[in-house]
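Structure, as structure tokens:
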Amino acid sequence: MNISHIEHIGIAVNSLEEAIPYYEEMLGLKCYAVEEVADQKVKTAFFKVGDTKIELLESTSPDGPIGKFLEKKGQGVHHLAFAVDNVNDSLNELGEKGVQLIDKTSRKGAEGLNIGFLHPKATMGVLTEICGKE
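For what it's worth, the numbering used here labels the leading residue of the sequence shown as 441, then goes sequentially.
Following this line, the structure appears as structure tokens:
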């Protein structure tokens with residue numbers, strides 16, 4: 441597996457409408473995309489900081505993963521995402537090494553990327569996403 445960089449940091453928020461102005465007006469960042477990923481029951485907003493992105497995550501349903509996270513833990517850092525060359529190859533390699541996977545194969549995420557999650561029980565408590573174009 442070849443990790444090239446931190447692709448993004450996912451932050452769960454109650455409302456994009458309330459959170460976006462903080463990042464734009466207080467931090468001087470520019471929201472360049474808002475997108476809904478219906479099958480994950482989430483609406484996202486992206487900001488670029490150097491080669492890394494910040495992804496704000498607003499739940500579109502209380503029973504979705506972000507809705508459950510917000511109910512349990514409140515707003516805050518949700519996951520850390522690493523960019524890899526090939527998500528399925530990386531998931532296979534990690535699975536063979538004994539890492540507990542949430543996704544055994546990649547699925548489509550925001551910005552057209554393929555994504556897969558590693559279980560926080562296997563990653564010292566940090567929900568970890570790997571993502572890439574392949």
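No residue lacks a Cβ here, since even glycine has one placed at the ideal position from N, Cα and C.
Since the structure is predicted, the reported quantities are computational estimates derived from the model, not experimental observations.
Point to revise | Closest by C-alpha distance to Gln480, when choosing among Glu498, Leu467, Leu469, Gly490 | key: Within the sequence shown, residue 480 is the residue found at index 40, counting from 1. Of the listed residues, the one whose Cα sits closest to Gln480 is Glu498.
Practice item. Please determine, among Gln540, Lys488, Ile460, Tyr463, the residue with the shortest C-alpha to C-alpha distance to Leu567. Key: Walking along the sequence shown from the start, residue 567 turns up at place 127. When only C-alpha atoms are compared, the closest one is Gln540.
Check your understanding: Per the contact definition of three or more C-beta pairs closer than 8 Å, is the segment 472-486 in contact with the segment 543-552?
Key -> yes
**Study point:** Buried versus exposed call for Asn442 [16 or more other C-beta atoms within 10 Å across all chains shown]
**Key:** Along the sequence shown, one-based indexing puts residue 442 at 2. So Asn442 counts as exposed.
Practice item. List the DSSP bridge partners of Leu567. Key: Residue 567 sits at position 127 when you count from the first residue of the sequence shown. In DSSP, Leu567 forms no bridge with anything.
Practice item. With DSSP as the reference, label Ser444 as helix, strand or coil. Key: Working through the sequence shown from its first residue, we reach residue 444 at position 4. Here Ser444 sits in strand by DSSP.
Check your understanding: Does DSSP put Ser501 in a helix, a strand or coil?
Key -> To locate residue 501, count along the sequence shown from 1; it is residue 61. Ser501: coil per DSSP, three-state reduction.
Review point. If we ignore side chains and look at the alpha-carbon of each, how far apart do His519 and Ala473 end up?
Key: Taking the first residue of the sequence shown as 1, we reach residue 519 at position 79. Taking the first residue of the sequence shown as 1, we reach residue 473 at position 33. His519 and Ala473: Cα-Cα distance of roughly 19 Å.
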